[in-house]
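91 is the number of the first residue of the sequence shown in this note's numbering; add one for each residue after it. Structure first, commentary second.
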Amino acid sequence: MSRAAHSSRAARLAKTRARQRAGPRAARERGLVLLALLIALMLMSIALAGALD
91 MSRAAHSSRA ARLAKTRARQ RAGPRAARER GLVLLALLIA LMLMSIALAG
141 ALD
């Protein structure tokens, strides 16, 4: 395994373990952030469609 592939795998494992340690509250907050971003994207696309009409 190359050094770059090994460090990438190690970083991915560290991130996964950090998420597991963070628990359900952090997962819920991450989900809420993603939901807020999705809603903002939808509103921006609606505004853009209205501006192009």
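Just so you know, even glycine gets a beta-carbon here, dropped at the ideal spot from N, CA and C. All of these numbers come straight from a predicted model, not from anything done at the bench.
In whole angstroms, give me the CA-to-CA distance for residue i and residue j.
i    : j    : result
R109 : A116 : 8 angstroms
G140 : R107 : 44 angstroms
S98  : G121 : 25 angstroms
G113 : A104 : 15 angstroms
L128 : H96  : 33 angstroms
R102 : A126 : 25 angstroms
R118 : R111 : 14 angstroms
M132 : V123 : 14 angstroms
Could you please give the first and the last residue of the uninterrupted alpha helix (DSSP H) stretch that includes residue i?
i    : result
G121 : 114-142
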